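Undergrad: Take a look at the following structure, please.
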Amino acid sequence: MTKALSIFLALSAGLLCAQEYKVGAQVTDFQVRDLDGKTVSLSSLKGPVTVVTFIATQCPVSNSYNQRMIDLYKDYTSKNVKFVFVNANRSEAAGEVREHAKRVGFTFPVYKDPDNVVADRFDAQVTPESYVIDGAGILRYHGSIDDDMNAARVHTQRLRVALDAVLAGKPVPAVETKAFGCTIKRVHKAS
Amino acid sequence: MMKRAIAFLACFPLFATGPLIPVDEAGFQKLVASHKGKVVVYDFWATWCAPCRVELPLLVKLEAKLRSQGVEVITISADEPEQKAAAEKFIQKFGVQGPAYLRQAASDDHFINAIDPKWSGALPALFLYDKSGHKARSFIGETDMAALEAAIHKLL
Chain F
5 MTKALSIFLA LSAGLLCAQE YKVGAQVTDF QVRDLDGKTV SLSSLKGPVT
55 VVTFIATQCP VSNSYNQRMI DLYKDYTSKN VKFVFVNANR SEAAGEVREH
105 AKRVGFTFPV YKDPDNVVAD RFDAQVTPES YVIDGAGILR YHGSIDDDMN
155 AARVHTQRLR VALDAVLAGK PVPAVETKAF GCTIKRVHKA S
Chain B
3 MMKRAIAFLA CFPLFATGPL IPVDEAGFQK LVASHKGKVV VYDFWATWCA
53 PCRVELPLLV KLEAKLRSQG VEVITISADE PEQKAAAEKF IQKFGVQGPA
103 YLRQAASDDH FINAIDPKWS GALPALFLYD KSGHKARSFI GETDMAALEA
153 AIHKLL
């Protein structure tokens with residue numbers, strides 16, 4: 005019991021202390037792995053505007069957004085927006101991520117974040133959870149893709165609104181939003 | 003009508019769980035106020051959340067163990083309206099006691115912030131309230147029941 009409790013406390017402490025990237029501040033370079041295990045840096049993936057979205061293979065909320073993510077990628081790649089889709093779940097290995105991407109028809113690559121280092125820097129907690137970085141490397145939006153898991157009930161296209169604002173050089177109307185989702189399945193860290 | 007239904011159920015907390023009662027952020031605050039004098043665990047869960055489904059029966063067991071000491075577990079489903087029937091089946095299957103609730107908020111952001119501004123909305127989420135109706139602890143993600151029980155005992 006003591007061991008279990010201490011692991012829980014250590015995990016909690018990690019969650020509270022790790023955030024590095026905050027809205028309005030610089031996002032420094034970070035590394036993810038492609039599904040062959042090769043290290044890839046944000047600096048080689050970013051564009052004039054970059055979206056980082058944490059996703060999952062097994063989370064029903066994340067999966068309910070699969071088509072919406074494909075549409076976003078299609079609609080905004082043509083506007084020179086780059087997308088970095090990241091799976092940080094310890095429970096979903098690269099092989100599973102590859103199989104899932106093929107099965108659901110993702111038209112974009114998905115990267116792994118081993119030991120959820122990048123998720124910790126963003127303090128990402130759920131899937132899906134999105135971040136928009138502008139050309140100067142400043143984090144301009146953090147939150148959900150839209151305001152409802154059910155596509156038929158969406159009122160506000162939050163990520164699209166943020167992207168349109170950043171692309172137009174205007175302030176993002178809502179820089180931080182929240183949504184229900186599945187927790188990112190983190191590795192247990194000592195501190 | 004809904005207020006009367008809530009009042010009725012609140013008077014008989016050990017009745018078998020019926021249909022999920024919609025609750026928004028104001029309703030949640032009323033719920034907290036009406037449970038002063040007890041140590042309460044508010045469990046936010048959903049049918050689509052695998053760790054929530056694992057946790058729910060464990061919480062039912064924990065409540066059964068500690069109920070005589072004034073501990074209550076209140077479940078609030080974050081399911082969408084079309085999953086309401088599935089959520090009701092689930093709480094009946096695991097013998098959740100007393101009234102159970104379904105999040106019905108105009109805005110998820112407002113609802114989540116009203117529960118806890120530090121909460122991202124990730125599930126499962128447990129919020130532990132002391133006898134004076136103040137939030138004592140929050141447990142986000144998969145929670146070790148021994149850790150929760152230890153936190154509860156500190157409030158008894």
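From first to last, the protein sequence lines are chains F and B.
According to my numbering, the residues represented by the first sequence are 5 to 195, in order.
According to my numbering, the residues represented by the second sequence are 3 to 158, in order.
Glycine included, C-beta positions come from ideal geometry on N, C-alpha and C.
These numbers come from a predicted model, not from an experiment.
For B:Leu125, decide whether its Cβ has a neighbour in chain F, counting only Cβ atoms nearer than 9 Å.
TA: yes
Undergrad: Using CA coordinates, which residue listed in F:Val130, F:Ser134, F:Lys78, F:Gln161 is at the minimum distance from B:Cys144?
TA: According to the sequence displayed, residue 144 of chain B carries Glu and not Cys. Closest by alpha carbon: F:Val130.
Undergrad: Under 9 Å between C-beta atoms, does B:Met4 make it to chain F?
TA: Low per-residue confidence applies at B:Met4: pLDDT is 43, beneath 50, and the placement is therefore not dependable enough to give any value.
Undergrad: Quick one: measure Cβ to Cβ for F:Glu133 and F:Phe58, integer angstroms, because I've assumed they're closer than 8 Å.
TA: 5 Å
Undergrad: To the nearest angstrom, how far is it from the Cα of F:Ser10 to the Cα of F:Met153?
TA: Confidence is the limiting factor: at F:Ser10 the pLDDT is only 31, short of 50, which leaves the residue's position unreliable, though a coordinate-based value still follows. Straight-line Cα distance between these residues: approximately 35 Å.
Undergrad: Show which residues of chain F have a CB atom less than 7 Å away from the CB atom of B:Gly143.
TA: Thr187
Undergrad: Could you check what DSSP says for B:Lys133 in three-state terms: helix, strand or coil?
TA: coil
Undergrad: Helix, strand or coil for F:Glu180 per DSSP?
TA: Note: F:Glu180 maps to strand in three-state DSSP.
Undergrad: B:Trp50 touches chain F at which residues, Cβ-Cβ below 7 Å?
TA: Within 7 Å Cβ-Cβ: Pro64, Val65.
Undergrad: What is the residue span of the alpha helix (DSSP H) that B:Ile114 lies within?
TA: 110 to 117
Undergrad: Whole beta strand (DSSP E) runs in the stretch 38 to 88 of chain B with 3 or more residues, listed along the chain?
TA: You should have 41 to 47, 73 to 79.
Undergrad: If you draw a straight line from the C-alpha of B:Arg55 to the C-alpha of B:Val62, how long is it?
TA: 12 Å
Undergrad: Excluding the 5 residues preceding and the 5 following F:Glu96 in the sequence, name in chain order all residues of the same chain whose CB lies nearer than 7 Å to its CB.
TA: Ala60, Thr61, Gln62
Undergrad: Let's test the definition: count the other Cβ atoms within 10 Å of the Cβ of F:Arg144 and tell me whether it reaches 16, buried, or not, exposed.
TA: buried
Undergrad: Please report the straight-line C-alpha distance between B:Ala138 and B:Gln31, rounded to a whole angstrom.
TA: 15 Å
Undergrad: Would B:Lys133 pass as an interface residue toward chain F - the criterion being a Cβ-Cβ separation below 9 Å?
TA: no
Undergrad: Using DSSP bridges, identify the partner residues of F:Cys186.
TA: Beta-bridge pairing by DSSP links F:Cys186 to F:Thr131, B:Leu125.
Undergrad: Looking at F:Ala98: is its Cβ nearer than 9 Å to the Cβ of F:Leu39?
TA: yes
Undergrad: If you pair each beta-carbon of the stretch 60 to 80 of chain B with each one of the stretch 89 to 104 of chain B, do three or more pairs fall below 8 Å?
TA: yes
Undergrad: For F:Asn154, which residues in chain B fall below 8 Å Cβ to Cβ?
TA: Within chain B, the residues near F:Asn154 are Glu82, Glu84.
Undergrad: Of the residues that make up the stretch 174 to 186 of chain F, which ones have a beta carbon closer than 8 Å to any beta carbon in chain B?
TA: Thr181, Lys182, Ala183, Phe184, Gly185, Cys186
Undergrad: Does DSSP put B:Gln94 in a helix, a strand or coil?
TA: helix
Undergrad: Straight-line CA distance for B:Ser122 to F:Ala105?
TA: 26 Å
Undergrad: Quick one: which unbroken beta strand (DSSP E) runs of 3-plus residues sit fully inside the stretch 93 to 167 of chain F? Chain order, please.
TA: 114 to 116, 133 to 137, 143 to 147
Undergrad: According to DSSP, simplified to helix, strand and coil, what is F:Asn210?
TA: Outside the displayed span of chain F (5 to 195) sits residue 210 of chain F, for which this structure offers no information.
Undergrad: Compare the C-alpha of F:Val27 against each of F:Gln161, F:Ile142, F:Ala169 and name the closest.
TA: F:Ile142
Undergrad: With which residues is B:Pro24 paired in a DSSP beta bridge?
TA: B:Leu104
Undergrad: Spell out a yes or no on whether the stretch 174 to 186 of chain F and the stretch 111 to 119 of chain B are touching, meaning 3 or more CB-CB pairs, one atom from each, closer than 8 Å.
TA: yes
Undergrad: Which residues of chain F have a Cβ atom closer than 7 Å to the Cβ of B:Ser122, listed in chain order?
TA: Gln129, Val130, Lys182
Undergrad: What residues of chain B sit near F:Asp151, judged by a beta carbon separation below 9 Å?
TA: What F:Asp151 touches in chain B: Ser109, Asp110, Asp111.
Undergrad: Report the neighbours of B:Ile114 on chain F: residues whose CB is nearer than 7 Å to its CB, in chain order.
TA: Lys182
Undergrad: Taking 9 Å as the threshold (C-beta atoms), are B:Asp26 and B:Leu128 in contact?
TA: no
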